[in-house]
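Asker: I'd like to ask you about the structure that follows.
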Amino acid sequence: MFGIDVLSLLLLLIAAVTSDVTDNELDDSCDLSSDLLTEIESYGPTVETIINSVLNGKFKGGTYNELADFVDKFGARLSGTQNLEDSIDYMLALMNEYDLENVHGEDVEVPHWLRGIEVGEMVEPRTAEIEVLALGSSVGTPQEGIEAEVLVVRSFDELDEANFSAAASGKIVVYNYEFVSYGVSVAYRSQGARRAARYGAVAALVKSVAPFSMYTTHTGQQAYEDNTTQIPALAITAEDAAMFQRYQDRGEKIVVKLNVTTQILPDETSRNSIAEIVGSEQPEKIVLVSGHLDSWDVGVGAMDDGGGAFISWYALAVLKSLGLRPKRTLRAVLWTAEEPGLVGAYAYNTTHYDELDNHTFVMESDEGTFTPQGLIYTAGTRGGCILAEIMKLLTAINATQAVYSSGGVGSDISIWTNVIPGGSLLNANERYFWFHHSEADTMDVLNPDDLDKSTALWASVAYIIADLSEEFPRDFNRTTADLTKSELMKKVMESVAANKIKLL
Ligand SMILES: [Zn+2]
C-alpha cells in the first residue's frame, strides 16, 4: 500500500524541527480591495453568532463533553487495533446523529505494532526498577532478555567519537541528550536505536522527548535502517537518564537487564472518517478541517489528538445547526494512523488525487487545543493578507493572530506544504509535550472553555474561507500535478531532508 512505502522512506530519515515561524507583518504590504475588506468585515455578525452559540449557548461545553464520552468509552486507539475501528464506527454514527452530510469511512491499510511485556531493571551499581516504554515499531528482546553494561552518551556527536563508538559494542546505549525542542530532539527517538546498532549496541534507551518530567516515559515512532541489526528501542525517564550519566561520570559500572516483548502483525484495514456540509454554490470546492483519531497506546489520546479531531467535526456540527451553509463544501476529515507516519493522509492524497485542485484551504489541529490565540498558516502573500483580516474578527475570544510559517503547518496536512494553503490552530500549548505520547495524555489536560473557543475559531475561519466570494488564493510554485505518487515520494524526501516534516 502506497502510504506504507512513503512511510518507510519517511521514517528512515525522519528528523523533524520546529517550523520557521515569523510574525505576520503583512499589513503594510497588503493591497486587498476595499470591496474585499468590506466583505470580510461583513462576517462579523456571523462570527459573533458562532462564538455566542459555542461559548454561551446550546453548544457550550459540547466539544469537551462529546470528547470525554468518546475517550472514556474507547481509551487509547492504536493503529491496527479493533478498538480504533470500533471508535471510528462510533464517530461515523455520531456525525450522522449531528446531521452532517456524506458521512462515510474510506479504507486505509495501516500498520499494526503491539507492545507486550516491558521490564527494565538496574542490577549494578545498585538494584532498582527502571521504567521502560517501547518506541513504536521497536523489536523486543530475545526471550531470555538482555543483560548488559550501559554506555551513556550526551549526543550523536559524542556517540560518534572514537572512544565512545569503540565502547558501544555489546552495550546498552543510553541517550542523555539535552532537550532543545521537540522538533530537534525527536531525532534521538527516531534514530537512536539504529545509530547505536551501527556500533554493535544491543539496545537503546532514549531519554523521553519532553521538556518536563515527573518520572514520565513518552513513546513515539522510531525507525530502523537496512543492513543494521534491529535492536530494542525504549524510552526511559529524564530522571533515569540523568542518574545513569552521574554513575558513568563517577566511573561506576552500570548494568541493566531488559525484558521486552513486542509484535509486528500484518497490516489491517482502517478508515479515514469524513463528513461534510455541502457547499451551496460550488460544492466541488473544498475547505478541509481535520485532526487524527488514532493515538498511541498509552494515555487515552485526549490531547493528541482527540481535541483536534473533535473541534474539527464539532465545528461543522455547530455550523450545520446554525443553518450556516457556505458557498463551498466544508469537509471534516478524522485521519487514521497519523502516529505511525501520516498513513491516513497519504492514502487520502491518493484517493482524492483528482480533486486536490479543488481543495482551496486545508486545516489541521494536532498541537493542542489549549487557549487559542489564532491561526498559524502557510500561504502566499495575498492569502496571508486575507487570513490576517479574517482573524481580526476573533477579538471576542482574543484569538486574532495570523502567524506565517514557511516550514509548513500541521502533521497530516504537511504533505501539502507549499502546494495547498493551510492553517493550524495557534494555541497556548507550552505544556503540550509534557503530556504528549505518555500515560498523562488524559481528559484532565483539556478544559471545556478552551475547547469551546477552539471550536468557535475553527468554525468561524473555515466558514468564512469557504464562503468568501474570492476563492482562497493559491500562490505557490508547486501544483497538485507535483503530487503524483512518485512526485509525492520525492516531495516527502525533500521535506525530510529539509527537516520540514513533523510527526506529532
Ligand atoms: Zn498527534
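Per mature numbering (1 follows the signal peptide of the UniProt record, and there is no 0), the sequence shown runs over residues -19 to -1, 1 to 485.
Just so you know, even glycine gets a beta-carbon here, dropped at the ideal spot from N, CA and C.
Bear in mind the structure is a predicted one, so any value in this text is a computation, not a measurement.
In or out: phenylalanine 40 buried (at least 16 other Cβ within 10 Å) or exposed?
Answerer: Label assigned to phenylalanine 40: buried.
Asker: Name the DSSP beta bridge partners of methionine 103, please?
Answerer: In DSSP, methionine 103 forms a bridge with Ala109 and Val237.
Asker: Once DSSP output is grouped into helix, strand and coil, what is the label at leucine -8?
Answerer: Model confidence at leucine -8 stands at a pLDDT of 34, short of 50, so the residue's coordinates are unreliable and nothing is read from them.
Asker: By a C-beta neighbour count over all protein chains shown, 10 Å radius and 16 as the cutoff for buried, is residue 486 buried or exposed?
Answerer: Residue 486 lies beyond the stretch modelled for the chain, which goes from -19 to 485, so this question has no answer here.
Asker: Note the first and the last residue of the continuous beta strand (DSSP E) segment covering lysine 188.
Answerer: Segment 184 to 188, the beta strand (DSSP E) holding lysine 188.
Asker: Check each candidate in Ser146, Gly173, Gly151 and Ala148 and name the one with the smallest Cα separation from tyrosine 158.
Answerer: Comparing Cα positions, the closest option is Gly173.
Asker: Can you give me the C-alpha to C-alpha distance between serine 392 and arginine 231, rounded to a whole angstrom?
Answerer: Approximately 42 Å, taken between the alpha carbons.
Asker: Going by DSSP in three states, aspartate 4 sits in which element: helix, strand or coil?
Answerer: Residue confidence for aspartate 4 is low, a pLDDT of 49 falling below 50, so the modelled location carries little weight; the figure read from the coordinates is stated next. DSSP places aspartate 4 in coil when its eight states are reduced to three.
Asker: Flag leucine 315 as yes when its Cβ comes closer than 7 Å to any non-hydrogen atom of ligand 1, and as no otherwise.
Answerer: No, the Cβ of leucine 315 stays beyond 7 Å of every heavy atom of ligand 1.
Asker: Mind checking whether leucine 215 and alanine 177 have CB atoms under 8 Å apart?
Answerer: Going by C-beta atoms, leucine 215 is not nearer than 8 Å to alanine 177.
Asker: Over what stretch of residues does the alpha helix (DSSP H) that includes glycine 126 continue unbroken?
Answerer: Here glycine 126 belongs to no alpha helix (DSSP H), and DSSP marks it neither H nor E.
Asker: If we count the other Cβ atoms within 10 Å of its Cβ and call it buried at 16 or more, is leucine 246 buried or exposed?
Answerer: Looking at its Cβ environment, which holds fewer than 16 other Cβ atoms inside 10 Å, leucine 246 is exposed.
Asker: Indicate whether arginine 236 and valine 134 have their beta-carbon atoms separated by less than 8 Å.
Answerer: It should be pointed out that residue 236 corresponds to valine in this sequence rather than to arginine. Against a cut-off of 8 Å, the Cβ pair of valine 134 and valine 236 comes out as no contact.
Asker: Using C-beta distances below 7 Å, list every residue in its chain close to threonine 197, excluding the 5 sequence neighbours before and after it, in chain order.
Answerer: Ser189, Ala191, Thr218, Ser419 and Ala421.
Asker: Please report the straight-line C-alpha distance between histidine 333 and methionine 72, rounded to a whole angstrom.
Answerer: So the two alpha carbons sit approximately 21 Å from each other.
Asker: Using three-state DSSP, classify lysine 39 as helix, strand or coil.
Answerer: Lysine 39: coil per DSSP, three-state reduction.
Asker: Going by beta-carbon coordinates alone, are alanine 447 and leucine 311 separated by less than 8 Å?
Answerer: Going by C-beta atoms, alanine 447 is nearer than 8 Å to leucine 311.
Asker: Mark threonine 108 as exposed unless 16 or more other C-beta atoms lie within 10 angstroms of its C-beta, in which case mark it buried.
Answerer: It counts as exposed.
Asker: Within 10 angstroms of its Cβ, does glycine 304 collect 16 or more other Cβ (buried), or is it exposed?
Answerer: So glycine 304 ends up on the exposed side.
Asker: Give the single residue among Pro213, Ser150 and Gly151 whose Cα lies nearest to the Cα of glycine 117.
Answerer: Looking at the Cα atoms, Pro213 is the closest of the given residues.
Asker: Tell me whether tyrosine 444 sits in a helix, a strand or coil according to DSSP, three-state version.
Answerer: DSSP places tyrosine 444 in helix when its eight states are reduced to three.
Asker: Between asparagine 77 and the rest of its own chain, which residues show a CB-CB distance below 7 Å, the 5 nearest in sequence each way excluded?
Answerer: Around asparagine 77: Val84.
Asker: Among the residues of its own chain, which have a CB less than 7 Å from the CB of leucine 18, if the five just before and after it don't count?
Answerer: If we look at leucine 18 and ignore the five residues flanking it on each side, its Cβ neighbours are Glu370.
Asker: On the three-state DSSP scale, how would you describe leucine 485?
Answerer: Of the three classes helix, strand and coil, the one that applies to leucine 485 here is coil, per DSSP.
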